[in-house]
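Enquirer: Here the protein sequences come in this chain order: W and F. Numbered according to the working numbering, the first sequence spans residues 458 to 816. Numbered according to the working numbering, the second sequence spans residues 458 to 816. Here you go, one structure.
2 protein chains.
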Amino acid sequence: MADHPERRVPTLMDVADRAGVSAQTVSRVVNGQGPVAARTRARVMDAIGELNYVPNRLARGLARQRSLSIGFATNDISLHAPSQLASAIEGAARQAGYSLIVTIVAGYGLAPVTHALRALRERQVDGALINASLSPGDAHEITARFPDLPCMFMDVPPSAGVPGALLDQALGARLGADHLLNLGHTRIACIDAPQGAVAEQARLRGWEDTLAARGLSLVARAAGDWSPASGYAATQTLLAGGVPFTGLLVANDQMAVGALRALWERGVNVPADVSVVGYDDTAESALLIPPLTTVRQDFPLLGRRAFAHLHALLRSETHPPTLSTPELVVRASTAPPPGPERQDVQAALRTLMAALTRP
Amino acid sequence: MADHPERRVPTLMDVADRAGVSAQTVSRVVNGQGPVAARTRARVMDAIGELNYVPNRLARGLARQRSLSIGFATNDISLHAPSQLASAIEGAARQAGYSLIVTIVAGYGLAPVTHALRALRERQVDGALINASLSPGDAHEITARFPDLPCMFMDVPPSAGVPGALLDQALGARLGADHLLNLGHTRIACIDAPQGAVAEQARLRGWEDTLAARGLSLVARAAGDWSPASGYAATQTLLAGGVPFTGLLVANDQMAVGALRALWERGVNVPADVSVVGYDDTAESALLIPPLTTVRQDFPLLGRRAFAHLHALLRSETHPPTLSTPELVVRASTAPPPGPERQDVQAALRTLMAALTRP
DNA sequence: ACACGAAGTGTTAGCCTTAACATATGGCCG
DNA sequence: CGGCCATATGTTAAGGCTAACACTTCGTGT
């Protein structure tokens, strides 16, 4: 790769020699601390420019005993939430002079997270942000196993007593369920997320509790894996189950896309026959057919906050856990439940329409 | 943070003392190279376990002159393509013993990439993967400015003569355009991506060239920014433009979601009145209403390949640029163009239907 | 019995930077 | 004009690890 086999990348010492000063002086100039005469500084800057010197962060990290890098351990980063978080965290970290090392945690539970953190500790990260569906117990275990590694848990309930910044899943779930209840729905089904995902548990419990407060419970339930295809399959399962429902709570918007499709295929009109509530408010949601009523989660804000808290932690300032409040975005996928007679008319109309519009 | 203020994290030397051997021997055990007697190895392993020793990668990187980390410089990682790539690259890198440092490149062009690579070079990354809409000229400039940093350009045409692994944008664009042409469309509009995005240029040119080969050209054109909302707005612009079209080529599936919505709102039936072709084949696309005909891009494959090539490069094996071929996925959003009379009937039907189904 | 090579281990000298301390220079005060 | 302080710079010793080399201790062939 090297055009000039003899040429090494220049070091601090090379700059020092060229500028006719000691290494320490160059270090002072580079880091902008300690007194340096204006003339000297200028000479050093010139030498840096001429040699195209770049400081070596490994060596600096070794000498300073802090690497100025942080780790982000997360579930599959190609999903909506992790990628949004990564984007926000990277931005905040870079601005504060930190680099971001991303490690993907495969699967749920303690073991894969432990593995990921071990790798991050090898890299001497100054701290870690963890978004990996940990239970409060797991989070405590992590802090015990890595006492020297400041960690922020991004999806652990605040009650856990570990540093955390998270979205209030329970509230979000309640917002969605209450919305359906207030519209008059009583037969409500749900599509939740993979077992083991903490967000899933919190949402499911939030739904159940909200319904229970009105003396109701979920009439049917199916599980997906966050993907649109799984939402589609889950909805088919629900429809095939024979339990009638007029409201459908879905654990994320991507699965809701599949749900809308499955309902559409069966000739079930949304929202006239069934109301659908999503979760996340992805960029697509406002433009679906129909536009999706959903619970907005501000992931960029969460990401920035999480980094800010970790950053404070690194400077030994303690921060209480933060809870960001999601908000309900009402769009056209929800409406009052249909009366029984109306339901028949709708079905007939749809059949007619389908016949007419077919080429 | 430290429970026991006196306790440092154990070093190689601590392990050596405990096992009663020299540091070098511990190093040999940890790295599994060089001859070590079975008994000695066992003693060292025990000491490592007892102390919970973790090697310090900064120090190792400094001593070995390679950090076993690579950089990924990309546009906003919350978008579809970058997040898919990041996921695949991280997996491949981790498996090969490399950590991944992610840097987000803000904006298009040479300057922000240079900035990002400088930061990565500070971190002593062994190589970098770049997905940042660079022109071939920019790519050459980068290799000139960073002669010691092996780079893979993930979105630079192979003709550029720089190491690259990319998806054949021109072919993908051709597939989509040919599909519409073969269905009989002659009035084709497009929604392309931000100026400066290389993918955009390649796709736009591919569309134009393909149409030109049949003596046609795009009848209208609007630009988006990859987001569903921008696709929606662009489609509204096209519809308001007054230039009739029966085929619509969209530069990604997310914008196609917005396009489908805008057409639906205007009562334009897809595919009876207008056929829509997307690009990417996101997880949602098969489940939209109607399911979207699109050009599938295998980003996970691209990510793995890109890393494999970089890895080869790091071992001084030269690899020719690779071109992955996208493939057309035909779904229900495309059909032959309507005859003029049919178009009126459709419109009337839609009006009727909308009136009937309104509660 | 001797040289020889291989296996196993230790020693030394870096890798590049910074913290801590040491030194030199100049200005100012009494 | 000596002494003292602030400013500006240099020196030394880590920081944790590994490459390169040096040194033992064997077993082997002759």
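Just so you know, even glycine gets a beta-carbon here, dropped at the ideal spot from N, CA and C.
Would you mind reading off the limits of the alpha helix (DSSP H) that contains residue 675 of chain W?
Expert: Residue 675 of chain W -> no alpha helix (DSSP H), and no H or E assigned at all.
Enquirer: Could you list the residues in the stretch 568 to 592 of chain F with a C-beta less than 8 Å from some C-beta on chain W, going in chain order?
Expert: 575, 576, 578, 579, 580, 581
Enquirer: If you measure from the beta carbon of residue 463 of chain W to each beta carbon in chain F, is any gap under 7 Å?
Expert: Confidence is the limiting factor: at residue 463 of chain W the pLDDT is only 48, short of 50, which leaves the residue's position unreliable, though a coordinate-based value still follows. Chain F contact via Cβ: absent.
Enquirer: Can you tell me where the beta strand (DSSP E) holding residue 472 of chain F begins and where it ends?
Expert: For residue 472 of chain F, no beta strand (DSSP E) encloses it; the enclosing alpha helix (DSSP H) starts and ends at 469 to 476.
Enquirer: Taking the alpha-carbon positions, what's the residue 683 of chain W to residue 498 of chain F distance?
Expert: 46 Å
Enquirer: Using a Cβ-Cβ cut-off of 6 Å (strictly less than) and excluding sequence neighbours within five positions of residue 817 of chain F, which residues of its own chain qualify?
Expert: In the structure as shown, chain F starts at 458 and stops at 816, and residue 817 of chain F therefore has no counterpart that could be examined.
Enquirer: Using a threshold of 7 Å, state whether the C-beta atoms of residue 731 of chain F and residue 790 of chain F are closer than that.
Expert: no
Enquirer: For residue 562 of chain W, tell me which candidate among W/534, W/581, W/596 has the shortest Cα-Cα distance.
Expert: W/534
Enquirer: Between residue 533 of chain W and chain F, is the shortest Cβ-Cβ distance under 7 Å, so that the two count as touching?
Expert: yes
Enquirer: Using a Cβ distance threshold of 8 Å, determine whether the stretch 576 to 588 of chain W contacts the stretch 740 to 748 of chain W, with at least three qualifying pairs required.
Expert: no
Enquirer: In three-state terms, what does DSSP make of residue 755 of chain W?
Expert: Residue 755 of chain W: coil per DSSP, three-state reduction.
Enquirer: I'd like to confirm the pairing. Which residues does DSSP put opposite residue 684 of chain F in its beta bridges?
Expert: Paired residues: none, contrary to the question.
Enquirer: Here's the rule I'm using: 16 or more other beta-carbon atoms within 10 Å means buried, otherwise exposed. How should residue 481 of chain F be labelled?
Expert: exposed
Enquirer: Kindly indicate the opening and closing residues of the beta strand (DSSP E) around residue 704 of chain F.
Expert: Bounds of the beta strand (DSSP E) holding residue 704 of chain F are 704 to 707.
Enquirer: Can you find the residues in the same chain that come closer than 8 Å, C-beta to C-beta, to residue 461 of chain F, ignoring five residues on each side of it along the sequence?
Expert: Since pLDDT at residue 461 of chain F reaches only 44, below the 50 mark, its modelled position is unreliable, and no value is offered.
Enquirer: Using the beta-carbon count (16 or more within 10 Å), is residue 552 of chain F buried or exposed?
Expert: Exposed, because fewer than 16 other Cβ atoms sit within 10 Å of the Cβ of residue 552 of chain F.
Enquirer: Rounded to the nearest angstrom, how far is the Cβ of residue 770 of chain W from that of residue 593 of chain W, given a contact under 8 Å?
Expert: That pair is no contact at about 18 Å.
Enquirer: Under a CB-based cut-off of 7 Å, is residue 645 of chain W close to chain F?
Expert: no
Enquirer: If you reduce the DSSP assignment to three classes, tell me which class residue 655 of chain W lands in.
Expert: Looking at residue 655 of chain W - three-state DSSP - the assignment turns out to be helix.
Enquirer: What span of residues does the beta strand (DSSP E) with residue 558 of chain W cover, start to end?
Expert: Taken as a continuous stretch (DSSP letters only), the beta strand (DSSP E) holding residue 558 of chain W covers 556 to 561.
Enquirer: Using three-state DSSP, classify residue 535 of chain W as helix, strand or coil.
Expert: Here residue 535 of chain W sits in coil by DSSP.
Enquirer: Helix, strand or coil, according to DSSP, for residue 635 of chain W in the structure here?
Expert: For residue 635 of chain W, the secondary structure class from DSSP, reduced to helix, strand or coil, is helix.
Enquirer: Would you call residue 532 of chain W buried or exposed, if buried means 16 or more other Cβ atoms sit within 10 Å of its Cβ?
Expert: buried
Enquirer: Indicate the three-state DSSP secondary structure (helix, strand or coil) for residue 583 of chain W in the structure shown.
Expert: coil
Enquirer: Roughly how many whole angstroms lie between the Cα atoms of residue 514 of chain W and residue 525 of chain W?
Expert: 8 Å
Enquirer: Would you grab the beta carbon distance between residue 558 of chain F and residue 557 of chain W for me? Rounded to a whole angstrom, and I think it's under 8 Å.
Expert: 7 Å
Enquirer: Compute the distance between the beta-carbons of residue 626 of chain W and residue 656 of chain W, then report whether it is under 7 Å.
Expert: yes
Enquirer: Can you name the start and end residues of the beta strand (DSSP E) that residue 606 of chain W belongs to?
Expert: Taken as a continuous stretch (DSSP letters only), residue 606 of chain W belongs to no beta strand (DSSP E), as it is neither H nor E.
Enquirer: By the DSSP assignment, the alpha helix (DSSP H) with residue 484 of chain W in it spans what residues?
Expert: It spans 480 to 488 - the alpha helix (DSSP H) in which residue 484 of chain W sits, taken as one unbroken run.
Enquirer: Among the candidates F/727, F/645, F/751, F/755, whose CA atom is the shortest distance from the CA of residue 704 of chain F?
Expert: F/645
Enquirer: Below 8 Å CB to CB, which residues in the same chain sit around residue 478 of chain F once its five sequence neighbours on both sides are set aside?
Expert: 497, 500, 501
Enquirer: Closest to residue 581 of chain F by CA distance: which of F/741, F/517, F/618, F/710 is it?
Expert: Among F/741, F/517, F/618, F/710, the Cα nearest to that of residue 581 of chain F belongs to F/517.
Enquirer: Give a yes or no on whether the C-beta atoms belonging to residue 504 of chain F and residue 475 of chain F are separated by under 7 Å.
Expert: yes
Enquirer: In the DSSP assignment, the alpha helix (DSSP H) including residue 589 of chain F goes from what residue to what residue?
Expert: Here residue 589 of chain F belongs to no alpha helix (DSSP H), and DSSP marks it neither H nor E.
Enquirer: When the Cα of residue 786 of chain F is compared with those of F/637, F/597, F/719, which residue comes out closest?
Expert: F/637
Enquirer: Of all the alpha helix (DSSP H) runs that stay within the bounds of the stretch 507 to 551 of chain W, which reach a length of 4 or more residues?
Expert: Within the stretch 507 to 551 of chain W, the complete alpha helix (DSSP H) runs of at least 4 residues are 514 to 521.
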